[in-house]
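Let me begin by presenting the structure, written as structure tokens, before commenting on it.
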Amino acid sequence: MSKRSIKNAPFIHGGVGASAIMRDVIIALIPALIWSVYIFGFRALTITVLSVASTVLTELIFCKATKKESTVSDLSAVVTGLILAFCLPVTAPLWMPILGGAFAIGVVKMPFGGLGKNFLNPALAGKAFLLLSFPKVFSGYASPATARGLSPFAISVKAKLVPSLLGAVEDGVDNNTLVDMFYGNMAGCIGEVSKLCIILGLLYLLIRRVISWQIPVAYLSVFFILAFSFPRGMDEAMNFAIASLLCGSVAFASVFVATDPVTSPMTSVGKIIYGVLCGGLTLLFRYFGSAEEGAVYAILVANTLVFYIDKLTCPKKSGGVKIGN
Amino acid sequence: MAYSFSGGISLKTENKTRALPTKPFAEPALVAVPLSGCLPAVSAGDFVDIGTCIGFGKTEDCPPVHASVSGTVVSVERRPLDKGGEDTFVVIKNDCRHTVVSGLDPISKPLWEIKPEEIIARARNAGIVDAGSGKSLASILRAAVGKAKRLVINCTESQGYESISYRVMAEQTEAVIKGAKLIIYALGLRKADLVIEEKKDKLIAKIEEHITDKALVDIKQTTSKHPISVDNRLIYAVYGKRVPLGGSPLDAGYVVIRPETAANLYRALSTGMPMIHKRVTVSGDSIKTPLNLIVPVGTSVKDIAELCGGTKKRFKRAVKGGVFTGYAVGENAVIEKTDDSLLFLSSVKAERSGCVRCGKCIDACPVGLTPSLLAAYGEKGLYSEGLSLGAEHCIGCGCCAYVCPSGIPITALIKKTLKEGRTEDEQA
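Going down the list, the protein sequences come from chains G and A. For the numbering used here, add 4 to where a residue sits in the first sequence, where the first one is 1. For the numbering used here, add 9 to where a residue sits in the second sequence, where the first one is 1.
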């Protein structure tokens with residue numbers, strides 16, 4: 005990684021670099037990875053490894069092709085690869101993480117100038133690309149028992165698919181299912197099933213001050229309140245809201261994707277606005293969108309608005325928010 | 010509850026020099042006393058004693074300069090300064106006899122017989138300069154007459170290495186309090202506040218022993234976050250008053266000085282000795298033995314480095330003015346009356362990448378700017394855009410560049426915006 009020798013004041017640096025932040029995100033993702041291998045078997049690991057390899061290699065090749073210094077060592081490509089893999093079902097054919105990773109880095113991240121310059125979250129854009137191109141793969145998920153029987157190395161697998169729980173929550177779920185959803189004993193995308201592992205990651209990121217509380221808290225609370233206020237199906241509102249929170253990718257996305265510093269606002273107020281926007285849009289996409297899951301498109305739409313949120317909330321001289329000696 | 014402000018950074022490293030008693034260093038072979046704009050009163054070959062006036066101030070606000078050692082004047086020369094510009098230096102060869110100039114005039118009469126103007130005049134003639142603001146004490150006092158409401162002794166040191174204010178408060182408690190009372194008297198004020206960082210319980214207990222009247226001199230405790238030691242931040246944190254842009258704390262009604270200045274005033278009146286010594290903390294990661302020193306004004310960086318056991322192998326640059334806000338100096342630079350510290354630092358490297366928009370600089374900025382945007386404008390040369398985002402409010406504390414995970418020299422880029430933007434304005 006490139007280093008800068010400090011020549012001007014301050015002649016001191018806190019020592020936390022971009023790679024240290026990315027390393028913390030990777031550490032925060034490890035519980036979910038371990039759980040996914042435990043619950044879905046080694047095919048989950050194969051998909052994750054291929055996805056990371058694809059993102060890292062694409063970045064390397066892009067840097068070589070454009071004769072730039074390699075930026076792989078900032079570890080952001082590894083994070084993108086991990087998040088992309090975690091958004092895929094374990095039944096996905098093995099070329100899918102490779103294609104998605106190449107798209108995320110080669111189309112969404114690097115052409116805009118690399119880390120910090122992309123306006124969409126690369127992993128999420130990769131997932132949206134796969135979702136639009138191959139909707140069949142995302143039409144159902146293998147139950148944990150079926151998934152463990154899948155070959156880790158077969159390019160594509162045939163398995164009995166069950167519809168995701170998103171449909172089921174409208175018919176009502178019992179308490180045992182809710183507990184299973186919390187621990188992650190359910191069918192779903194590789195890294196998104198275990199809310200417990202996601203909470204562990206969230207706590208680690210908060211303690212290490214990698215992310216701030218505003219986005220996940222605003223996102224999830226708005227999502228929860230809206231789901232509680234406008235429940236669907238015959239189940240009681242509270243039960244429905246909790247089940248909505250525990251199924252799909254909303255929990256994972258709010259902690260690991262919406263908090264991506266590059267594609268989220270910079271100020272605290274902006275982060276709250278962004279979180280509220282994501283929460284509201286997620287529910288709207290879930291209720292009225294053609295795809296089952298709303299978080300992917302909600303965050304991508306919110307990404308495009310970050311520029312304006314920043315413009316609105318950056319303290320200005322005339323605005324007089326808090327500038328002053 | 011300690012007074013605090015939003016933003017800033019808490020340093021995790023302990024300031025080790027606080028525990029070191031101040032040592033006098035009186036024997037540099039040569040000193041080069043900067044005249045700070047004064048006219049030289051001596052020429053090469055003259056003999057000077059300690060305290061001999063070697064530079065006349067042209068104006069009321071420009072105090073005289075005195076010889077800090079006894080010996081022969083080797084030369085009077087112009088030298089460039091590391092912070093920019095140049096200055097006249099009187100180079101004196103030390104004869105180590107410590108002869109003191111005759112005719113020092115200590116005041117022996119009781120306080121109520123001294124006129125306020127006399128205190129200000131004495132402050133000027135003693136050449137006392139306040140290290141915090143870099144101004145002479147006399148000009149600070151003269152500007153404050155009738156305008157100030159309270160005296161603030163700023164004892165905070167938040168840059169991690171400096172500890173001279175701490176040492177002055179521990180070693181010269183009586184002199185500081187008496188100096189503060191002299192200033193209160195000279196300006197007709199009611200009260201002085203000693204502002205100290207919290208959790209210095211031993212020191213605070215010691216100062217409290219010396220305070221006889223709490224209504225007159227009181228202690229206020231603040232956070233130890235950087236940049237609390239910047240006067241305007243301190244005034245805002247403790248009193249909640251904002252100093253107008255480009256103004257000094259006096260515009261909000263406060264006279265702010267460092268404790269050493271108060272002690273110097275008391276000494277100047279009680280002994281008649283002008284300000285010829287400066288306390289400095291010599292520290293940093295590449296000096297062998299960090300020390301708190303009292304050195305004659307004009308002692309060179311090289312001599313101080315030798316006294317402190319020399320520099321370590323990794324030594325890269327000497328820095329005056331603090332690790333966050335200072336500037337690099339060469340080995341021939343000398344200690345001036347405004348220097349609190351001399352740091353010997355190794356080369357620091359920061360990981361460099363593009364801005365990741367994490368917003369850490371925004372959280373750290375004590376004046377509520379958006380440093381990341383200002384840096385981006387500075388890099389692209391969009392200076393007027395930078396100014397319209399409030400670049401001129403920047404106090405140069407360095408918090409943004411310290412926390413930046415992308416290693417962007419934000420503070421330097423904002424300074425560039427200010428410099429270039431102002432020239433653009435003038436040309437337009």
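Built from N, CA and C at the ideal position, the CB exists for glycine as well.
CA-to-CA distance, residue j to residue i, given in whole angstroms
i: G/Tyr-208; j: G/Lys-199; result: 14 Å
i: A/Thr-308; j: A/Gly-197; result: 37 Å
i: A/Glu-36; j: A/Ser-79; result: 10 Å
i: A/Val-185; j: A/Ser-279; result: 13 Å
i: G/Gly-205; j: A/Tyr-392; result: 41 Å
i: G/Tyr-187; j: G/Ala-146; result: 17 Å
i: A/Asp-104; j: A/Ala-314; result: 21 Å
i: A/Lys-118; j: A/Ala-224; result: 25 Å
i: A/Val-304; j: A/Tyr-12; result: 34 Å
i: A/Gly-136; j: A/Pro-115; result: 15 Å
i: A/Val-57; j: A/Gly-46; result: 20 Å
i: G/Lys-321; j: A/Ser-356; result: Confidence at G/Lys-321 is low in this model, with a pLDDT of 49, below 50, so the placement of that residue should be treated as unreliable; the coordinate-derived value is given next. The straight-line gap from Cα to Cα measures roughly 36 Å.
i: G/Asn-329; j: G/Cys-67; result: Any reading at G/Asn-329 needs caution, since the residue's pLDDT is 47, under 50, leaving its predicted position unreliable; the model's value is listed next. Their backbone Cα atoms lie some 44 Å apart in a straight line.
i: A/Val-332; j: A/Pro-299; result: 15 Å
i: G/Val-221; j: G/Tyr-312; result: 21 Å
Other residues of its chain near residue i: CB distance less than 8 Å, five sequence neighbours each side excluded
i: G/Gly-45; result: Val-94, Ala-151, Arg-152, Gly-153, Leu-154 and Pro-156
i: A/Val-365; result: Pro-414 and Ser-415
i: G/Gly-323; result: Confidence at G/Gly-323 is low in this model, with a pLDDT of 32, below 50, so its placement is unreliable and the value that follows should be read with caution. No residues qualify anywhere along the chain.
i: A/Lys-428; result: none
i: A/Ile-192; result: Ile-128, Leu-150, Leu-160, Leu-198, Ala-201, Val-264, Ile-266, Ala-271 and Leu-274
i: G/Asp-2; result: Beyond the ends of chain G as shown, which are 5 and 329, falls residue 2 of chain G; an answer cannot be given.
i: A/Leu-113; result: Gly-60, Thr-280, Gly-281 and Met-282
i: A/Gly-339; result: Asp-91, Val-310 and Ala-327
i: A/Gly-143; result: Thr-347
8 Å Cβ cutoff, residue i in contact with chain A
i: G/Leu-119; result: yes
i: G/Pro-126; result: no
i: G/Lys-7; result: yes
i: G/Met-270; result: yes
i: G/Pro-139; result: no
i: G/Met-261; result: The sequence given here has Val at residue 261 of chain G, not Met. Answer no: the Cβ-Cβ gap between G/Val-261 and chain A never drops below 8 Å.
i: G/Ile-25; result: yes
i: G/Asp-78; result: yes
i: G/Ala-22; result: yes
i: G/Thr-308; result: no
i: G/Pro-319; result: yes
CB contact check: residue i to chain G, cutoff 8 Å
i: A/Gly-319; result: no
i: A/Thr-26; result: no
i: A/Leu-143; result: It is worth fixing the name first, because residue 143 of chain A is Gly in this sequence and not Leu. No, because no Cβ of chain G sits closer than 8 Å to the Cβ of A/Gly-143.
i: A/Gly-17; result: no
i: A/Gly-93; result: no
DSSP state of residue i mapped onto helix, strand, coil
i: A/Tyr-263; result: strand
i: A/Val-252; result: coil
i: A/Ala-327; result: strand
i: A/Glu-86; result: strand
i: A/Lys-223; result: coil
i: A/Glu-401; result: helix
i: A/Leu-396; result: helix
i: G/Ala-1; result: In this structure chain G extends from 5 to 329, so residue 1 of chain G is not present and cannot be described.
i: G/Ala-48; result: helix
i: A/Arg-27; result: helix
i: G/Ile-202; result: helix
Own chain partners of residue i with C-beta closer than 6 Å, once the 5 adjacent residues on each side are dropped
i: A/Tyr-386; result: Glu-394 and Gly-395
i: A/Lys-369; result: Val-412
i: G/Gly-85; result: Ser-55, Val-56, Thr-59 and Gly-105
Chain-order list of residues whose beta-carbon lies under 7 Å from that of residue i (same chain, five-residue window excluded)
i: A/Val-252; result: Asn-241, Ile-244, Pro-258, Asp-260 and Ala-261
i: G/Ser-217; result: The identity of residue 217 of chain G in the sequence shown is Trp, whereas the question assumes Ser. Hits under 7 Å: Leu-210.
i: G/Lys-326; result: For G/Lys-326, the pLDDT reaches just 44, beneath the cut-off of 50, and the residue's location in the model is therefore unreliable, although a value from the coordinates is still provided. Only Pro-319 meet the Cβ criterion.
i: A/Arg-106; result: Ser-79
i: G/Trp-39; result: Gly-188, Ser-198 and Cys-201
i: G/Leu-79; result: Ser-23, Met-26, Arg-27 and Ile-30
Amino acids of chain B, ordered along the chain, whose beta-carbon sits closer than 8 Å to that of residue i
i: G/Pro-265; result: The chain labelled as chain B is not found among the protein chains of the depicted structure, namely G and A.
With 7 Å as the limit, tell me which residues of the region 356-390 of chain A have their beta carbon closer than that to any beta carbon of chain G; keep them in chain order. Within the region 356-390 of chain A, the residues whose Cβ lies closer than 7 Å to some Cβ of chain G are Ser-356, Val-357, Lys-358, Ala-359, Glu-360, Arg-361, Ser-362, Gly-363, Cys-364, Val-365, Arg-366, Cys-367, Gly-368, Ile-371, Val-376, Gly-377, Leu-378, Thr-379, Ser-381 and Leu-382, listed in chain order.
Chain G contacts made by the region 410-426 of chain A, where a contact means CB separation under 7 Å: Against chain G - using a Cβ distance shorter than 7 Å - the residues of the region 410-426 of chain A are Ala-410, Tyr-411, Val-412, Pro-414, Ser-415, Gly-416, Pro-418, Thr-420 and Ala-421.
Listed in chain order, which residues of the region 334-357 of chain A have Cβ atoms closer than 8 Å to some Cβ of chain G? The region 334-357 of chain A vs chain G, Cβ under 8 Å: Thr-334, Gly-335, Tyr-336, Ala-337, Leu-352, Leu-354, Ser-356 and Val-357.
Between the region 207-240 of chain G and chain A, which residues of the former have CB atoms less than 7 Å from a CB of the latter, in chain order? The region 207-240 of chain G vs chain A, Cβ under 7 Å: nothing.
Could you list the residues in the region 283-305 of chain A with a C-beta less than 8 Å from some C-beta on chain G, going in chain order? If the cut-off is 8 Å between Cβ atoms, the region 283-305 of chain A has nothing near chain G.
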